[in-house]
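**Q** Heads up: the protein sequence lines correspond to chains A and B, in order. Just so we're aligned, residue 1 is where the first sequence starts under the UniProt record's numbering, counting upward by one. Just so we're aligned, residue 1 is where the second sequence starts under the UniProt record's numbering, counting upward by one. Don't be surprised by glycine CBs; every beta carbon is placed ideally from N, CA and C. Since the model is a prediction, treat every value here as computed from it, not as a measurement.
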Amino acid sequence: MLKGKGRWYLVIAVLLSVTLILSGCGPNAALTNGDKTSGATPVDGGTFRFGMISSPSALEPAFLEEINGIQIGKELYDGLVKYDPSSLEVMPAIAEKWDYSADKKVIKFHIRHDVKFHDGTSLKAQDVLEVWNRLAAKDTLSPVAFPLEPIVGFAEVNSGEAKTISGLKKIDDYTIEVTLREKNAAFLTSLGHPAVSIYKIESALKAGKDFGTPVATPETLIGTGAFKFVKWNSDQDVTIEKFDDYYGTKAHVDRVVYKIFNDESTALNEFRAGNLDYVDMLPPGQRNSISKEFPDQTINQTTLTTQFIGFNLTKAPFKDNVNLRKAIAYALDPQSIIDTVLEGNSTLSNGPLPSTMPGYDKDLKAPKFDPAKAKEYLALAGYPHGKGLAPIQYAYNFNQENQKIAEAFQGQLKEVGIQIELRNMEWGSYVKAMQSGENQMFRVNWVADYPDPANFLNILYSKSQWGMNNVIFYSNPVVESLLAQGIEETDTTKRMDIYKKIQELVVEDQPAVWTFNPNYLRLLGKKVHDLTISALDHKDMRTVWLSK
Amino acid sequence: MIRFIIRRIFQLIPVLLGISMLTFGMMSLVPGDPVALMLGQHISHQTMDSVRQELGLDLPFLNRYLNYLWNALHGDFGRSYIQHQEVSQMLLDKIPVTFRLAVAASAIAITFGVLIGVLSAVRQYSFWDTFTTFFTLIGLSLPTFWLGMVLQLVFGVIFRILPISGSGGEGFHLQYYILPGFALGFASMAMYAGLTRSSMLEVLGEDYIRTARAKGLSKQVVVFKHGMKNALIPVSTHAGMDFASLMGGTILIETIFSLPGIGYMLFNAISRRDYPVVQGVTLFLALVFVVVNLLVDISYAFLNPQIRYD
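Here it is as structure tokens:
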């Protein structure tokens, strides 16, 4: 704490700086790691104070969709498998091992005998079956039941025709058998998603609709994770506590308190006052100054996210006009936007997959900023110097950053003669307009649910996803056949080759301009050690420790 | 008087019905599909349609409104689309926080505002009077969020004597309401100062004040006993409506100070398009306004015997 005259000078400086700041106001396969003390011996104990921006929506696994819910949920609940936070490789969790049948359609999971729920009872195969049946049930209305989709009988349960998934069998108390409709190389990886984690179903049923809401209690919200639930003060904080009977490596910290903020600046001030050990999001426009204010206390994390400009391929002017799509791709200069609007907090994307995703092809030849080529392709498209091309509507969900990026795109396209009209939209309307094929050109941001290329390619570029996730209405029979091969191929090398081929074909068709892979800047306290942030944007509370 | 009160209470019914219809109508007109927001993009159109049906969102406007009204009359404002919690329960949890904040802001505003106003009137045209006029102007012009952030930095970060955010968990922790209360009440404080000053100046020019002075009463007794008592009538009647405004004006301050009140809840609900919560909070705030308005009207009669209602 400052004393004497200096304090008052600081007060004046703060008043001036706040005025200046306000006047200027305006996420995967590898990791970024917060290992600050390589070789130091971890110390047990303490409370980790996590500055979280915006409240988690729910803590019920069936509704773990947004990042804050997932962040807390993955500490409370374990699934059959988990991801190595550094490499994102699939590792055993509740299931200690698994074997495949010869046709790779049947997987037998062997459950550990020492897994306990937070109430001290043991986890058995029946618990897994009941939780998964509930997740798939029509009445649950889970937006994240997709990992179970490949299982035989899922569709019947999801449509309300059946109560239990027929492809799910209990062999004995510690063995379950899962039968898939087709071979699926991404299935095991998708089981690392926290939505398919296991919880104590009896207590969940007792809680009814209040399960996983802010009125949850430690008696109703029971998982098997390294931390157990203590309390959720709505819009204020969520507290979890180290579970001493955890079957795996025990956490170092005794407690984690997720303090909830709506405003990044408030969280930053709490950090400055020494009341937080970590801030998850920083105020936009201040990232560079924060890096200078806290040297060696920031992590710049690249996540499994891709932002792109999608073209509606069912609508003029983009339907059957690859040259126009290429003209736009050459006319845009995303790097200049990264350098200015995004303050360097993104990397340039070169295709459908983020650079940290398995299967990413760094040699992919996507068009790069070249105004001369843009004009050339524009002429080939039938619009020399943009003549005869009506203004194109560009839609995006409104926020300050998206607005600035859209304006920059508008200026860049104007340089080559392409006029675009900006259409900022409210989120619900924006999603509906995209899914119904109403927009011509639009912003898309895709964040990985699990670290597998299928989570991008089979979802965003398959005809089966038209009007849902394939909002560009892309379809190429060769790509479609390769997507089917890719999902079934179990040899990783061959599979990644298939995905590389898919990427080449998609880039050739240019149904989109892939612009950025966002990075996120995080702030760490000086006492924080070994905090690992995975490319899925999961911050691992099991490894972090606090020095005295 | 009792007839007047009963009549005014009955008059509240159409007002509240109108407000409920207006908020429900506005929410229906807002673009976007609440089901798409609830379920995200992974869900098939068939499932979305069945959810829409289950929630009654496929019904005509009037049917949906009547269902909503019927349930609301039974204390059921529905469940949050996002947090899956009952809106009525959420309101009950958050109202005390907002109420405490509004009380803190009112207390700070009235206490300091009146004091400044009285001193300014008593020392008219002095340096103090010029200063308070300038203060009033600044107070009314300063953006609340700016003041909030400066207060956080000065008292939370530099001096570390007051908490920056939150409400301190369960129960009432006064220290958590000081900074947000001050930030919220600052503009009101300036307004009270201005109001008190002009009212006091008017009263101090009255004959009975001159008489009191002529009787040899001390300046303090003249100002505080005879002058202030009458000068505060317009201030006290204004305080009611100002309190209601403060209750409704907490969105920014609760967001900046992470105070889990209804303003913070409304901010989250709007940004996540959580329509049942938005409707519930709006209706509650409207209720606060009309009830306070009623209480202010009633209090006129008590405070000023010249006013009579038939």
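(1) Could you please give the first and the last residue of the uninterrupted alpha helix (DSSP H) stretch that includes A:GLU376?
(2) By DSSP, does B:HIS84 sit in helix, in strand, or in coil?
(3) How about the region 95-112 of chain A and the region 216-234 of chain A: do they share at least three Cβ pairs that are nearer than 8 Å?
(4) Taking just the CA atoms, how far does A:LEU457 sit from A:PRO147?
(5) If I measure Cβ to Cβ from A:ASN402 and keep anything under 8 Å in the same chain, skipping five residues before and after, which residues do I get?
(6) Is it the case that the Cβ atoms of A:GLU241 and A:ARG255 are separated by a distance below 8 Å?
(7) Could you check whether the region 79-91 of chain B touches the region 160-169 of chain B, counting it as contact only if at least three pairs of C-beta atoms, one from each stretch, sit closer than 8 Å?
(8) For A:GLY310, list the residues DSSP reports as bridge partners.
(9) Check A:TYR396 in the structure and name its three-state DSSP category.
(10) When the cut-off is 8 Å and only beta carbons count, does A:GLU202 lie next to chain B?
(11) For the beta strand (DSSP E) containing B:ARG123, name the first residue and the last one.
(12) What are the boundary residues of the alpha helix (DSSP H) that A:SER142 is part of?
(13) Would you say B:VAL15 reaches chain A, if we count a Cβ-Cβ gap shorter than 8 Å as a contact?
(14) Once DSSP output is grouped into helix, strand and coil, what is the label at A:TYR258?
(15) Below 8 Å on the Cβ atoms is my guess for B:ALA183 versus B:LEU151; work out the distance and round it to an integer in Å.
(16) Are the beta-carbon atoms belonging to A:VAL115 and A:TYR199 less than 8 Å from one another?
(17) Quick check on the DSSP output: what are the complete beta strand (DSSP E) runs of length 3 or more inside the region 481-532 of chain A, in order along the chain?
(18) For the region 77-96 of chain A against the region 200-209 of chain A, are there 3 or more C-beta pairs whose distance is under 8 Å?
(19) Buried or exposed: B:ALA214, going by 16 or more other Cβ atoms within 10 Å of its Cβ?
(20) How many angstroms separate the CA atom of B:VAL223 from the CA atom of B:LEU217?
(21) Taking Cβ-Cβ distances shorter than 8 Å, what residues in chain B pair up with A:LYS105?
(22) What does a CB cutoff of less than 7 Å around A:ILE472 pick up in its chain, not counting 5 residues either side in sequence?
(23) Strictly below 7 Å CB to CB, what residues from chain A border B:THR255?
(24) Can you name, in chain order, every residue of its own chain whose Cβ lies under 7 Å from the Cβ of A:CYS25, other than the five neighbours on each side?
(25) Quick one, which residues of the region 231-244 of chain A are near chain B if we go by CB-CB under 8 Å, in chain order?
(26) Run through the DSSP bridge pairs and tell me what A:HIS118 is partnered with.
(27) Taking only three categories from DSSP, how would you classify A:ASN476?
(28) Alpha carbon to alpha carbon, how far is A:ALA145 from A:PHE243?
(29) Return the bridge partner residues of A:ASP540 from the DSSP annotation.
(30) What are the boundary residues of the alpha helix (DSSP H) that includes A:TYR461?
(31) In the DSSP assignment, find the unbroken alpha helix (DSSP H) run with A:THR356 in it and report its ends.
(32) Which residues, taken in chain order from the region 244-273 of chain B, show a beta carbon closer than 9 Å to some beta carbon of chain A?
(33) Using the Cα positions of A:LEU521 and A:ALA273, report the straight-line distance between them to the nearest angstrom.
(34) Can you tell me whether A:GLU293 is buried or exposed? The criterion is at least 16 other CB atoms within 10 Å of its CB, across all chains shown.
(35) In this structure, does DSSP put B:LEU252 in helix, strand or coil?
(36) Mark A:PHE50 as exposed unless 16 or more other C-beta atoms lie within 10 angstroms of its C-beta, in which case mark it buried.
**A** Here's the rundown:
(1) Your numbering for residue 376 of chain A matches position 376 in the first sequence. It spans 371-380 - the alpha helix (DSSP H) in which A:GLU376 sits, taken as one unbroken run.
(2) Your numbering for residue 84 of chain B matches position 84 in the second sequence. Note: B:HIS84 maps to coil in three-state DSSP.
(3) no
(4) Numbered from its first residue, the first sequence carries residue 147 of chain A at position 147. Numbered from its first residue, the first sequence carries residue 457 of chain A at position 457. Rounded to the nearest angstrom, the two C-alpha atoms are 16 Å apart.
(5) For this step, residue 402 of chain A is matched to residue 402 along the first sequence. Result list for A:ASN402: TYR396, ASN424, ARG443, in chain order.
(6) For this step, residue 241 of chain A is matched to residue 241 along the first sequence. For this step, residue 255 of chain A is matched to residue 255 along the first sequence. Yes, the pair counts as a contact, with Cβ atoms nearer than the cut-off.
(7) no
(8) Locating residue 310 of chain A in the first sequence gives position 310, where the first residue counts as 1. A:PHE442, A:ALA512, per the DSSP bridge assignment.
(9) Reading the first sequence from its first residue, position 396 is the one you call residue 396 of chain A. Of the three classes helix, strand and coil, the one that applies to A:TYR396 here is strand, per DSSP.
(10) Walking along the first sequence from the start, residue 202 of chain A turns up at place 202. Taking Cβ atoms only, chain B never reaches closer than 8 Å to A:GLU202, which makes this a no.
(11) Translated into the one-based positions of the second sequence, residue 123 of chain B becomes position 123. Where B:ARG123 is concerned, there is no enclosing beta strand (DSSP E), given that its DSSP letter is neither H nor E.
(12) Residue 142 of chain A sits at position 142 when you count from the first residue of the first sequence. Per DSSP, A:SER142 belongs to no alpha helix (DSSP H) and is neither H nor E.
(13) Counting from 1 along the second sequence, the entry for residue 15 of chain B is found at position 15. Judged by the 8 Å Cβ criterion, B:VAL15 is not in contact with chain A.
(14) Locating residue 258 of chain A in the first sequence gives position 258, counting from the first residue. Three-state result, A:TYR258: strand.
(15) In the second sequence, counting from the first residue as 1, residue 183 of chain B sits at position 183. In the second sequence, counting from the first residue as 1, residue 151 of chain B sits at position 151. B:ALA183 to B:LEU151, Cβ: 6 Å. Contact.
(16) Here residue 115 of chain A refers to the residue found at position 115 of the first sequence. Here residue 199 of chain A refers to the residue found at position 199 of the first sequence. No.
(17) 512-524
(18) no
(19) Sequence index remark: in the second sequence, residue 214 of chain B carries index 214 (1-based). By the 10 Å Cβ count, B:ALA214 comes out exposed.
(20) The residue given as residue 223 of chain B occupies position 223 in the second sequence. The residue given as residue 217 of chain B occupies position 217 in the second sequence. Approximately 10 Å between the Cα atoms of the pair.
(21) The residue labelled residue 105 of chain A in the question sits at position 105 within the first sequence. Simply none; closest approach about 24 Å.
(22) For this step, residue 472 of chain A is matched to residue 472 along the first sequence. Cβ within range, chain order: GLY310, PHE311, ASN312, LEU313, PRO511, ALA512.
(23) The residue given as residue 255 of chain B occupies position 255 in the second sequence. By Cβ distance, chain A contributes ASN262, ASP263.
(24) Position 25 of the first sequence, counted from the first residue, corresponds to residue 25 of chain A. Bear in mind that a pLDDT of 34 at A:CYS25, under 50, signals an unreliable position, so the number given afterwards is only what the model happens to contain. Answer for A:CYS25: GLY285, listed in chain order.
(25) ASN233, SER234, ASP235, GLN236, ASP237
(26) Position 118 of the first sequence, counted from the first residue, corresponds to residue 118 of chain A. Its beta-bridge partners do not exist; DSSP assigns none.
(27) Looking up residue 476 of chain A in the first sequence gives position 476. Three-state result, A:ASN476: coil.
(28) Along the first sequence, one-based indexing puts residue 145 of chain A at 145. Along the first sequence, one-based indexing puts residue 243 of chain A at 243. Distance between the alpha carbons of A:ALA145 and A:PHE243: 27 Å.
(29) Reading the first sequence from its first residue, position 540 is the one you call residue 540 of chain A. A:THR532.
(30) Position 461 of the first sequence, counting from 1, holds the residue named residue 461 of chain A. Where A:TYR461 is concerned, there is no enclosing alpha helix (DSSP H), given that its DSSP letter is neither H nor E.
(31) Counting from one through the first sequence, the residue named residue 356 of chain A turns up at place 356. That residue, A:THR356, is in no alpha helix (DSSP H); it is neither H nor E in DSSP.
(32) GLU254, THR255, ILE256, PHE257, SER258, LEU259, PRO260, GLY261, TYR264, MET265, PHE267, ASN268, SER271, ARG272, ARG273
(33) Translated into the one-based positions of the first sequence, residue 521 of chain A becomes position 521. Translated into the one-based positions of the first sequence, residue 273 of chain A becomes position 273. Looking at the two C-alpha atoms, the distance is approximately 19 Å.
(34) Translated into positions along the first sequence, residue 293 of chain A becomes position 293. Answer is exposed; the Cβ neighbour count stays below 16.
(35) The residue labelled residue 252 of chain B in the question sits at position 252 within the second sequence. In this structure, B:LEU252 counts as helix in the three-state DSSP scheme.
(36) Numbered from 1 along the first sequence, position 50 holds the residue referred to as residue 50 of chain A. The residue is buried, with at least 16 neighbouring Cβ atoms inside 10 Å.
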